[in-house]
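As structure tokens, the structure follows; a few thoughts come after it.
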Amino acid sequence: MHNASADHQPQPVAIQHVTILGATGTIGVQTLDVISQHAERFKVFALTASTNVKGLFDLCKQYAPQYAVMLHSEAAAELAIQLKAIGSNTIVLQGEDALSEVAAHEQVDVVMAAIVGAAGLHPAMAAARAGKRILLANKETLVMAGNLFMQAVAEGGATLLPIDSEHNAIFQVMPHQRSKHLADMGVKRVLLTASGGPFRHASLAELQAVTRAQALNHPNWVMGPKITIDSATMMNKGLEVIEAHWLFNASPAQIEVVVHPQSVIHSMVEYIDGSVLAQLGNPDMRTPIAYGLGYPDRLASGVGSLDLLKIGQLDFCAPDPMRFPCLRLAYEALTAGGTAPAILNAANEIAVEAFLAETIGFMDIPVIIESILSASQIEEVASIEQLVAVDAQARQSATRWLKNRS
Ligand code: NAD
Ligand code: MG
0 MHNASADHQP QPVAIQHVTI LGATGTIGVQ TLDVISQHAE RFKVFALTAS TNVKGLFDLC
60 KQYAPQYAVM LHSEAAAELA IQLKAIGSNT IVLQGEDALS EVAAHEQVDV VMAAIVGAAG
120 LHPAMAAARA GKRILLANKE TLVMAGNLFM QAVAEGGATL LPIDSEHNAI FQVMPHQRSK
180 HLADMGVKRV LLTASGGPFR HASLAELQAV TRAQALNHPN WVMGPKITID SATMMNKGLE
240 VIEAHWLFNA SPAQIEVVVH PQSVIHSMVE YIDGSVLAQL GNPDMRTPIA YGLGYPDRLA
300 SGVGSLDLLK IGQLDFCAPD PMRFPCLRLA YEALTAGGTA PAILNAANEI AVEAFLAETI
360 GFMDIPVIIE SILSASQIEE VASIEQLVAV DAQARQSATR WLKNRS
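Residue numbering for the sequence shown follows numbering that gives the first Met the number 0, beginning at 0 and increasing consecutively.
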């Protein structure tokens, strides 16, 4: 008799060693969730965090990585003491350089880049130069240093897989036979979907009065505080437009943002023959994470089936540039090119921090960014060192702006 089960023996796969930058964050934790479901394929090599000792301690206990990295020295010392007390073999390292070391280590195959903000740039660059498979959640790397990062990926022989759900969706529905130019693949444009955030229907007057708690309450996704505020201002979509430009070599005119409140269609690609291909699914980051981990294979992620009958209806509308000026500012920075997106990103990070600290209002965020951008000299991008200096200067200008106002 034919033995069906013998035909379906899973092929043994080589174990992949994974570094997770930003392991205690929402993306980090969801990555570990997917990895736990595939213990035969993945081994955690290194886990990193900035200050959350308790969070990283719990993860080290569970995943026994070779290395744990904390950004700050006191946090690293505390973690080392706690791990020693339970007889753990994990080696604790400290500081920015150590983040890059565990991203580029020769024993590492896969790097999940899930640090939030500009702080993620150096370790992501290190992973690119070392030719790793990079699962890129940290969109700020591409916003700040898109051309240098893409160049490092190419020169280092790295494999870049976008984890941002929109870009992961676009990646999934692009032709497998890649060309550098969208036109060569018959692609007309990409359509980035946006939930519209919690203030989709808010009037300008209501937006002025938005509180921290209201802005932190995203309708569809559970995310870290910075990206949650970015989603509420729609700067997140603006950063994603710039991200799409670098990932898919799309011009600003080839990237359209469509508000789609249900967050079921994660993005689309329109071809010259009129076909529009979309990727759909429940809004759960474990889907793009599993795609990145398994590529080109498909891995179970723990995400439930999409129940279209329950969803019933999919809606679309245009974003409103009057109520969401951050989206316009991002398009302008992309069009200006050079160091403009890095300045936009730095000013945004300072403005979001100030809003989270409740020292400025919600609609001050775009005002600060626009004022810093218009007062800055835009230069061609030549090096990472230059971008680090530009980032620092834009942060200083934004901080000074805030001081002068208070
Ligand atoms: P988070 O705030 O939940 O976690 C951030 C992680 O980065 C933490 O582990 C923290 O310890 C670490 N970190 C923070 N500052 C650091 C620094 N200066 N140096 C080193 N490490 C530092 O953020 P998140 O929601 O997981 O987002 C991470 C990245 O992924 C962001 O760039 C975000 O835009 C992107 N992203 C997130 C989602 C999501 O659903 N959460 C979706 C798409 C893209
Ligand atoms: Mg996204």
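The beta-carbon is built from N, C-alpha and C at its ideal position, and this holds for glycine as well.
{"Item": "Does the separation of the CB atoms of residue 410 and residue 226 fall below 8 Å?", "Value": "Within the shown structure, residues of the chain are numbered from 0 to 405, placing residue 410 beyond reach of any answer."}
{"Item": "Quick one, are the C-beta atoms of residue 270 and residue 186 less than 8 Å apart?", "Value": "yes"}
{"Item": "Does the separation of the CB atoms of residue 169 and residue 247 fall below 8 Å?", "Value": "yes"}
{"Item": "Taking contact to mean 3 or more Cβ pairs, one atom from each stretch, closer than 8 Å, check whether the segment 190-204 and the segment 213-226 are in contact.", "Value": "yes"}
{"Item": "For residue 427, write down the residues that DSSP places opposite it in a beta bridge.", "Value": "Any answer about residue 427 is impossible in this case: the structure gives the chain only from 0 up to 405."}
{"Item": "In whole angstroms, give me the CA-to-CA distance for residue 281 and residue 263.", "Value": "6 Å"}
{"Item": "Using a 10 Å radius around the Cβ and a threshold of 16 neighbouring Cβ atoms, would you call residue 126 buried or exposed?", "Value": "buried"}
{"Item": "Ignore the nearest five residues each way along the sequence and tell me which others in residue 160's own chain have a CB closer than 6 Å to its CB.", "Value": "134, 291 and 294"}
{"Item": "Quick check: residue 241 and residue 340, are their CB atoms within less than 8 Å of each other?", "Value": "yes"}
{"Item": "Using 8 Å as the threshold, is the segment 386-402 in touch with the segment 232-239, meaning 3 or more CB pairs across them?", "Value": "no"}
{"Item": "Compute the distance between the beta-carbons of residue 14 and residue 30, then report whether it is under 8 Å.", "Value": "no"}
{"Item": "Using alpha carbons as the reference points, say which of 40, 72, 372 and 214 lies closest to residue 12.", "Value": "40"}
{"Item": "From this set, 124, 117 and 283, which residue's C-alpha is nearest residue 165's C-alpha?", "Value": "283"}
{"Item": "Look at the alpha carbon of residue 24 and the alpha carbon of residue 223, and state the distance between them as a whole number of angstroms.", "Value": "7 Å"}
{"Item": "Taking 7 Å as the cut-off, is the C-beta of residue 379 nearer than that to any heavy atom in ligand 2?", "Value": "no"}
{"Item": "My output table needs one value for residue 23: the three-state DSSP class, helix, strand or coil.", "Value": "coil"}
{"Item": "Output needed for residue 144: all residues of its chain with C-beta closer than 8 Å, excluding positions within five of it in sequence on either side, in chain order.", "Value": "120, 124, 341, 380, 383 and 386"}
{"Item": "Report the rounded CA-to-CA distance for residue 3 versus residue 308, giving the unit in angstroms.", "Value": "Here residue 3 scores only 46 on pLDDT, less than 50, and its place in the model should not be relied on; the value that follows carries that caveat. Approximately 34 Å, taken between the alpha carbons."}
{"Item": "What do you get for residue 210, buried or exposed, if any count of 16 or more other CB atoms within 10 angstroms of its CB means buried?", "Value": "exposed"}
{"Item": "Taking just the CA atoms, how far does residue 140 sit from residue 368?", "Value": "18 Å"}
{"Item": "Would the beta-carbon of residue 262 be found less than 7 Å away from any heavy atom of ligand 2?", "Value": "no"}
{"Item": "Say whether the segment 32-47 touches the segment 63-81, bearing in mind that this needs 3 or more beta-carbon pairs closer than 8 Å, one atom from each stretch.", "Value": "yes"}
{"Item": "Taking the CB atoms as reference points, tell me whether residue 232 and residue 114 lie closer together than 8 Å.", "Value": "no"}
{"Item": "Let me confirm a value: residue 315 is counted as buried when at least 16 other C-beta atoms fall within 10 Å, else exposed. Which label applies?", "Value": "exposed"}
{"Item": "If you draw a straight line from the alpha carbon of residue 71 to that of residue 17, how long is it in whole angstroms?", "Value": "22 Å"}
{"Item": "Determine the direct distance from the alpha carbon of residue 205 to that of residue 421, and round the result to whole angstroms.", "Value": "Examination of residue 421 is not possible in this model, given that the chain is present from 0 through 405 alone."}
{"Item": "For the segment 49-117, list the beta strand (DSSP E) runs that are entirely contained and at least 3 residues long, ordered along the chain.", "Value": "66-69, 90-93 and 109-112"}
{"Item": "Drop a sphere of 10 angstroms on the beta-carbon of residue 358, count the other beta-carbons inside from all chains shown, and report buried for 16 or more, exposed for fewer.", "Value": "exposed"}
{"Item": "If you count every other CB in all the chains shown that lies within 10 Å of the CB of residue 111, and 16 or more means buried, which is it?", "Value": "buried"}
{"Item": "Please report the straight-line C-alpha distance between residue 136 and residue 167, rounded to a whole angstrom.", "Value": "10 Å"}
{"Item": "Can you tell me which of the three DSSP states residue 41 falls into?", "Value": "strand"}
{"Item": "Could you compute how far the alpha carbon of residue 1 sits from the alpha carbon of residue 37?", "Value": "Here the model assigns residue 1 a pLDDT of 47, short of 50, so the residue's position is not dependable and the matter cannot be decided."}
{"Item": "For ligand 1, I want to know if residue 286 counts as a neighbour, meaning its beta carbon is within less than 7 Å of at least one of the ligand's heavy atoms.", "Value": "no"}
{"Item": "Between residue 362 and residue 251, what straight-line distance do the alpha-carbon atoms span, to the nearest angstrom?", "Value": "25 Å"}
{"Item": "Which residues bound the alpha helix (DSSP H) around residue 333?", "Value": "324-335"}
{"Item": "Does DSSP put residue 289 in a helix, a strand or coil?", "Value": "helix"}
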